[in-house]
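Comments concern the structure below.
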Amino acid sequence: RSMTTPVPATPDSKPASKAASKTAPREKTVPVSKAAELNKRKRASSPAAESSADRAKRIKSQPRCPNKHPLNKAVAPIQLDCDKCRRKIRKGSQTLSCVRCDFDFCSNCSKSF
Numbered sequence: 001r002s003m004t005t006p007v008p009a010t011p012d013s014k015p016a017s018k019a020a021s022k023t024a025p026r027e028k029t030v031p032v033s034k035a036a037e038l039n040k041r042k043r044a045s046s047p048a049a050e051s052s053a054d055r056a057k058r059i060k061s062q063p064r065c066p067n068k069h070p071l072n073k074a075v076a077p078i079q080l081d082c083d084k085c086r087r088k089i090r091k092g093s094q095t096l097s098c099v100r101c102d103f104d105f106c107s108n109c110s111k112s113f
């Protein structure tokens, strides 16, 4: 007789007999966590998941400076001048800006986008 060490059952291993399967506990279905569901939604709404037509539409509707750079939401670090209406933009105010071109829209002009 040879001595063998019993191998513990793993969740992937199948029971050796029908009798063992009746006594083995059943695995419960675990619901998808909220974080996993949110990640799934985020991936579905990411730019990689959108069609090329949707991406082109989004890019065309995005406000841009005269050199076609996208304007980004920003807080004015100093007093600026709006490049559309020529009004003063106070330090700390919300703007749409292109840092590359030094192009800024005040909060009133940026509402049109």
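Numbering follows my numbering, with no gaps: position 7 of the sequence shown is 7.
Backbone N, C-alpha and C define an ideal beta-carbon position, used for all residues, glycine too.
Next item on the list: Let me know if S97 comes out buried or exposed under the rule of 16 or more other beta-carbons within 10 Å of its beta-carbon.
Entry: buried
Margin query: Run through the DSSP bridge pairs and tell me what D81 is partnered with.
Written below: K88
Notebook entry, point to check: Near N67, which residues of its chain fall below 6 Å by C-beta distance, leaving aside the five closest residues on each side in sequence?
Noted result: C101
Check: Name the DSSP beta bridge partners of P63, please?
Finding: DSSP lists no partner for P63.
Checklist line | Where D81 falls, given that 16 or more other Cβ within 10 Å makes a residue buried | finding: exposed
Next item on the list: On the DSSP bridge assignment, give the partners of L96 in chain order.
Entry: K73, F105
Check: Taking C-alpha atoms, which residue in V75, F103, K73, G92 lies nearest to R86?
Finding: F103
Notebook entry, point to check: Roughly how many whole angstroms lie between the Cα atoms of A74 and S51?
Noted result: 28 Å
Next item on the list: Buried or exposed for I89, please, with buried defined as at least 16 other CB atoms from any protein chain shown within 10 angstroms of its CB.
Entry: buried
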